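Visitor: Got a structure for you, questions after.
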Amino acid sequence: MKTYIFLSSLNKKIKTDDYVKYILSKYYFMDFGDIEIIRGQNGKPYIKNSDIKYSVSHKKDYIVAVFSHDEIGIDIEILTDKDYSGIVNRYFFEDERKYILTPTSELEKNKRFFEIWTKKEAYIKKYDLNISYIKKIDSLKEDIETFKINDLIISVCS
Numbered sequence: 039m040k041t042y043i044f045l046s047s048l049n050k051k052i053k054t055d056d057y058v059k060y061i062l063s064k065y066y067f068m069d070f071g072d073i074e075i076i077r078g079q080n081g082k083p084y085i086k087n088s089d090i091k092y093s094v095s096h097k098k099d100y101i102v103a104v105f106s107h108d109e110i111g112i113d114i115e116i117l118t119d120k121d122y123s124g125i126v127n128r129y130f131f132e133d134e135r136k137y138i139l140t141p142t143s144e145l146e147k148n149k150r151f152f153e154i155w156t157k158k159e160a161y162i163k164k165y166d167l168n169i170s171y172i173k174k175i176d177s178l179k180e181d182i183e184t185f186k187i188n189d190l191i192i193s194v195c196s
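Rendered as structure tokens:
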């Protein structure tokens, strides 16, 4: 099975689980009412009695979901001008800090910050880890894909 990613504008009235069920019913031909979503130890969602794995993330008006037969994680952030120095110094490895701080443009630094952050979050979601594990992940040494779509940064750990 291929990995499929869905990005949508988020209708605030629709729950995340219902969005996932909608995708499963439309693209995977599962009966919406029969889909039961359960949670792992740290909140990772699973589809009961199915070999389809998925991950979902949302930020403000966007929701992104990824589906596969293998464990997978996804995270989305909106590129903003933010003071991230405290986070970088506390949670990032030296090579990640250098990667973020090397560019001269603030826009590129922000883009790289969110790239690293979403990679770490996607990794945590894939393996259903506690958020405290984030400082143990050297995202530059992991095989995690990142996409930039307009002002969105999306990372997928497969």
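In this text, residue positions in the sequence shown follow the working numbering: the first is 39, and each later residue adds one.
Don't be surprised by glycine CBs; every beta carbon is placed ideally from N, CA and C.
No experiment lies behind these values; they were computed from the predicted model shown.
Determine the DSSP secondary structure at Ser63, reduced to helix, strand or coil.
Guide: Here residue 63 is taken as the residue at index 25 of the sequence shown, counted from 1. In the structure shown, Ser63 sits in a helix (DSSP, three-state: H, G or I).
Visitor: Please report the straight-line C-alpha distance between Glu153 and Ser193, rounded to a whole angstrom.
Guide: To locate residue 153, count along the sequence shown from 1; it is residue 115. To locate residue 193, count along the sequence shown from 1; it is residue 155. Taking the straight line joining both Cα atoms gives about 7 Å.
Visitor: Could you please give the first and the last residue of the uninterrupted beta strand (DSSP E) stretch that includes Gly71?
Guide: One-based indexing of the sequence shown puts residue 71 at position 33. Taken as a continuous stretch (DSSP letters only), Gly71 belongs to no beta strand (DSSP E), as it is neither H nor E.
Visitor: Taking the C-alpha atoms as reference points, what is the distance between Ile175 and Tyr161?
Guide: The count along the sequence shown starts at 1 and reaches residue 175 at position 137. The count along the sequence shown starts at 1 and reaches residue 161 at position 123. Going from the Cα of Ile175 to the Cα of Tyr161 covers about 8 Å.
Visitor: Have a look at the DSSP bridge pairing and note the partners of Phe130.
Guide: By one-based count along the sequence shown, residue 130 stands at place 92. Partner(s): none; Phe130 has no beta bridge.
Visitor: Can you list, in chain order, the stretches of the alpha helix (DSSP H) that have 4 or more residues and sit fully within the region 82 to 115?
Guide: None, since the region 82 to 115 contains no complete alpha helix (DSSP H) of that length.
Visitor: Terminal residues of the continuous beta strand (DSSP E) containing Leu45?
Guide: As a first step, residue 45 is located in the sequence shown; it is residue number 7 there, counting from the start. From DSSP, the beta strand (DSSP E) with Leu45 extends over 42 to 47.
Visitor: Just mark Asp121 as buried or exposed, buried being the case when its beta carbon has 16 or more other beta carbons within 10 Å.
Guide: Position 83 of the sequence shown, counted from the start, is the residue given in the question as residue 121. Asp121 comes out exposed.
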